[in-house]
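In this text, residue positions in the sequence shown follow numbering that gives the first Met the number 0: the first is 0, and each later residue adds one.
Built from N, CA and C at the ideal position, the CB exists for glycine as well.
Bear in mind that the values here come from a model prediction, so they are computed numbers and not experimental data.
Here is the structure we will look at.
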Amino acid sequence: MTRKNTLPYRLRLPGPTAVPERVQKAIAGPVLNHRGPEFTDIVKATVSLAQPILGTENDVMFFASSGTGMMEAALANALGEGERALVLSYGAFGERFSSIAKALGIETEQLAAPWGETVSASQLEEKLRENNFQAVVVVHNESSTGAVSDLEALGKVVGNTDAILIVDSVSGLGGVEMRQDDWGVDILVSASQKALMCPPGLGLASISDKAWDRVEQEAGKKRYYWDFRKARDSAAKDQTAFTTPVTLMCGLNEALTMMHEEGLDNVLRRHEQLSDTFRAGGHALGLSDFARAATKSNTVAVFSMPEGVDGNAVVAHMYEHFNTVIAGARNWLSGKVIRIGTMGHISQTDIETDLKYLASTMQYLSASAKNG
Ligand code: PLP
């Protein structure tokens, strides 16, 4: 792709997302001793700032990691070789969870729904009635399709069993409501580079008492760097087990401070309003939501392409002509959908600019399609 414009660079992916200037400045500060008081104070404060966003009173533990590392950490700590996980699967990240579980030697079964839909609580209940699993694994906000799982309902079902509920909210947390404790989410993992407005590189995990009982069990588990028990011991000293990406942590502290200044309800409402506006604008351009799930994502818009228009051409045109980086798909939906982040540090102006560029792109590509 060659850029044919001099417009400012606009990162409009469903992650990583644009980082606010305040966060950039916090990251640009001096590198601190990760075991020293200046930094442990920041870790302690960041935990307190994160807890209400996760909706938890659990400790929040941090790792140098992308989201996938945190998915692996959750599974490696919860399940030993030969134990059984039920993965609710209706998109690329659900499939990734299954692949990781298999790589760890965990016995994995999928409860699948068509991409764009989700698995209902009654489907899960029926499955758990007939089968015994040690963990149910689900993606909260499936960024490949734009569908959001009903965690509250799923949590109630899992809560009536001995299984634990493992949730990836990598692309949801901070933009889609999360109430870990109320909903019975036992292991919640996420990452810094999406609605949390930071660069990539910092992962987080929060673990319920029910899940700690499983984490403590040693049999068949292969973990060292990811061992949540080491992380817990260090978190008690406001540290991480291994060298912390200290500058990113300073950035996360600033980003979470900004979210609290705005007000957490206001942050969620802004995401909802902006994503509604963006999706309505997309519909007016002849695009349709790929997701058919009852709850559509407030953090990523996934649009199906109209007849004759290649989604990858839309991605290329947006970059080449408007210096605006959006995503296509890296799976069987390649060319069929486009994906745009509606999360993090964004405003009405960003959405209007996106729609203006998208309108021009769609007009150009639809005309080209018609003219053969
Ligand atoms: N889970 C979800 C829902 C995601 O959207 C992503 C990334 O897009 C990941 C996991 C993987 O995160 P990472 O790319 O940081 O490893």
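- Item | Cβ-Cβ separation, V156 to L84 (assumed contact under 8 Å), whole Å | The residue given as residue 84 occupies position 85 in the sequence shown. The residue given as residue 156 occupies position 157 in the sequence shown. The question names Leu, but residue 84 in the sequence shown is Ala. No, A84 and V156 are not in contact; Cβ-Cβ is about 15 Å, not under 8 Å.
- Item | Residue closest to A75, alpha-carbon to alpha-carbon, out of G280, K193, E261 and K101 | Taking the sequence shown and counting its residues from 1, one reaches residue 75 at position 76. Minimum Cα distance to A75 is reached at K101.
- Beta-carbon separation (whole angstroms), G81 vs G66, contact threshold 8 Å: Taking the first residue of the sequence shown as 1, we reach residue 81 at position 82. Taking the first residue of the sequence shown as 1, we reach residue 66 at position 67. Not quite, the Cβ-Cβ distance comes to about 26 Å (not below 8 Å), so this is no contact.
- Query: Is D167 near the ligand PLP, judged by its Cβ being under 7 Å from some heavy atom?
  - Reply: Here the question's residue 167 lines up with position 168 in the sequence shown. Yes, the Cβ of D167 comes within 7 Å of a heavy atom of the ligand PLP.
- CB of E141 to nearest heavy atom of the ligand PLP: below 7 Å? Along the sequence shown, one-based indexing puts residue 141 at 142. Checking the Cβ of E141 against the ligand PLP gives yes.
- Sorted by chain position, which residues of the same chain lie with C-beta nearer than 7 Å to C197's C-beta, five sequence neighbours on each side aside? Residue numbering aside, residue 197 sits at position 198 when the sequence shown is read from its first letter. Excluding residues within five positions, the ones whose Cβ falls inside 7 Å are V18, V22, S191, L247, G250, L251 and A254.
- Could you tell me whether any non-hydrogen atom of the ligand PLP is closer than 7 Å to the CB of P29? Translated into the one-based positions of the sequence shown, residue 29 becomes position 30. No, the Cβ of P29 stays beyond 7 Å of every heavy atom of the ligand PLP.
- Task: Check whether the Cβ of V336 sits closer than 7 Å to any heavy atom of the ligand PLP, and report yes or no.
- Result: In the sequence shown, the residue the question calls residue 336 occupies position 337. Flag unset: Cβ of V336 not near the ligand PLP.
- Spatially closest choice to I345 from Y356, L286, Q272 and L332, by CA coordinates: Translated into positions along the sequence shown, residue 345 becomes position 346. Ranked by how close their Cα comes to the Cα of I345, the residues Y356, L286, Q272 and L332 have Q272 in first place.
- Task: Using 10 angstroms around the beta-carbon of G202, count the other beta-carbons present and answer buried if the total reaches 16, otherwise exposed.
- Result: As a working mapping, residue 202 is identified with position 203 in the sequence shown. Counting Cβ neighbours within 10 Å, G202 comes out buried, since at least 16 surround it.
- Inter-stretch contact at 8 Å, needing at least 3 Cβ pairs: the stretch 108-115 / the stretch 85-93: A contact exists between the stretch 108-115 and the stretch 85-93.
- Which whole runs of the alpha helix (DSSP H) in the stretch 196-222 are 4 residues long or more, in chain order? 208-215
- Message: At the level of alpha carbons, what is the spacing between E351 and L286?
- Response: Within the sequence shown, numbered from 1, the residue matching residue 351 stands at position 352. Within the sequence shown, numbered from 1, the residue matching residue 286 stands at position 287. Rounded to the nearest whole angstrom, the CA to CA distance from E351 to L286 is 16 Å.
- Item | Alpha-carbon spacing of L31 relative to D353, whole angstroms | The residue labelled residue 31 in the question sits at position 32 within the sequence shown. The residue labelled residue 353 in the question sits at position 354 within the sequence shown. Computed Cα separation, rounded: 39 Å.
- Item | Under the three-state DSSP convention, the category E306 falls into | Mapped onto the sequence shown, residue 306 falls at position 307. E306: coil per DSSP, three-state reduction.
- Message: Based on DSSP bridge pairs, tell me the residues matched to M60.
- Response: Along the sequence shown, one-based indexing puts residue 60 at 61. M60 pairs with A204.
- Taking Cβ to Cβ, would you say K242 is nearer than 8 Å to A230? Here the question's residue 242 lines up with position 243 in the sequence shown. Here the question's residue 230 lines up with position 231 in the sequence shown. Going by the sequence as given, residue 242 is Thr instead of Lys. Contact: no.
- Message: Would G281 and D309 be called neighbours here (beta carbons separated by less than 8 Å)?
- Response: As a first step, residue 281 must be located in the sequence shown, where it is residue number 282. As a first step, residue 309 must be located in the sequence shown, where it is residue number 310. No, the pair does not count as a contact, with Cβ atoms beyond the cut-off.
- Item | Top-ranked residue by Cα proximity to S303, from S121, T144, H316 and D180 | Sequence index remark: in the sequence shown, residue 303 carries index 304 (1-based). Shortest Cα-Cα distance from S303 to any of S121, T144, H316 and D180 involves T144.
- Item | Where L6 falls, given that 16 or more other Cβ within 10 Å makes a residue buried | As a position in the sequence shown, residue 6 is number 7, starting the count at 1. Looking at its Cβ environment, which holds fewer than 16 other Cβ atoms inside 10 Å, L6 is exposed.
- Item | Limits of the unbroken alpha helix (DSSP H) element including A368 | In the sequence shown, residue 368 corresponds to position 369, counting from 1. Run containing A368: Q347 to K369, per the alpha helix (DSSP H) assignment.
- Message: Just to confirm the assignment, what range does the beta strand (DSSP E) spanning E108 have?
- Response: The residue given as residue 108 occupies position 109 in the sequence shown. Here the beta strand (DSSP E) through E108 covers E106 to A111.
- Message: Quick check on this structure: which residue in T323, D237 and N57 has the alpha carbon closest to the alpha carbon of E37?
- Response: In the sequence shown, residue 37 corresponds to position 38, counting from 1. The candidate whose alpha carbon is nearest that of E37 is D237.
- Using 10 angstroms around the beta-carbon of K295, count the other beta-carbons present and answer buried if the total reaches 16, otherwise exposed. Start at 1 with the first residue of the sequence shown, and residue 295 comes out as number 296. So K295 counts as buried.
- Item | Simplified DSSP assignment, three categories, for L10 | Walking along the sequence shown from the start, residue 10 turns up at place 11. DSSP places L10 in strand when its eight states are reduced to three.
- Message: On the criterion of 16 or more Cβ atoms from any shown chain inside 10 Å, does H259 qualify as buried, or is it exposed?
- Response: As a first step, residue 259 must be located in the sequence shown, where it is residue number 260. With fewer than 16 other Cβ atoms within 10 Å, it is exposed.
- Message: Considering Cα atoms alone, identify which of M70, A234, G200 and W225 is closest to S168.
- Response: Walking along the sequence shown from the start, residue 168 turns up at place 169. Nearest option by C-alpha distance: M70.
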